[in-house]
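Counting in the UniProt record's numbering, the sequence shown runs from 1 upward without gaps.
Note that CB positions come from ideal geometry on N, CA and C, so glycine has one too.
Worksheet: one structure, shown below.
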Amino acid sequence: MASGNAIRGSRVGAGPMGEAERGESAPRNRISFWCANKHETKPSFAAEAVIPDTWDCPRCGFPAGQDEHNPPAPSRNEPYKTHLAYVRERRTDADGEAILAEALAKLRGEI
């Protein structure tokens, strides 16, 4: 026999949410953007919002513009540099040899 709980499986406030409860939706504009790979993206903007010149393509990550025939060029990404690459930019081989010689001298107790 059921326990008599009439709202079992429900939660307080559950039910359909409609315009009456949420209020009116703001007017929207859907703007088309195209990337260099010819992907079309249509984000939705508020009617009074300022539309950006470029938008990131969600499929490939390239920048997308509003001109389908002249999309913005993809930005060039620099490859990842290791710590050693940054050190080599700052120091010459002679500097490295001098630092190594000094460190070895400290380890040997010569300094």
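When DSSP builds the beta bridges, which residues end up paired with A64? Note: A64 sits in a beta bridge opposite C35 and W55.
A103 lies in the alpha helix (DSSP H); which residues open and close that run? Its alpha helix (DSSP H) spans residues D93 to R108.
Proximity of S32 and Q66 at Cβ, strictly below 8 angstroms: A contact, by the Cβ cut-off of 8 angstroms.
Would you call P71 buried or exposed, if buried means 16 or more other Cβ atoms sit within 10 Å of its Cβ? With at least 16 other beta carbons inside 10 angstroms of its own, P71 counts as buried.
From this set, A47, A49, E48 and A64, which residue's C-alpha is nearest W55's C-alpha? The candidate whose alpha carbon is nearest that of W55 is A64.
Beta-carbon within less than 6 angstroms of N37's beta-carbon, same chain only, minus the 5 sequence neighbours each way: which residues are those? Answer for N37: C60, listed in chain order.
What number of angstroms, rounded off, separates the C-alpha of A103 from the C-alpha of E78? For A103 and E78, the distance between alpha carbons rounds to 33 angstroms.
What would DSSP say about R76, mapped onto helix, strand or coil? For R76, the three-state secondary structure derived from DSSP is coil.
Hey, out of C57, A26, A49 and I51, whose CA is closest to T41's CA? Taking only the C-alpha atoms, the option nearest T41 is C57.
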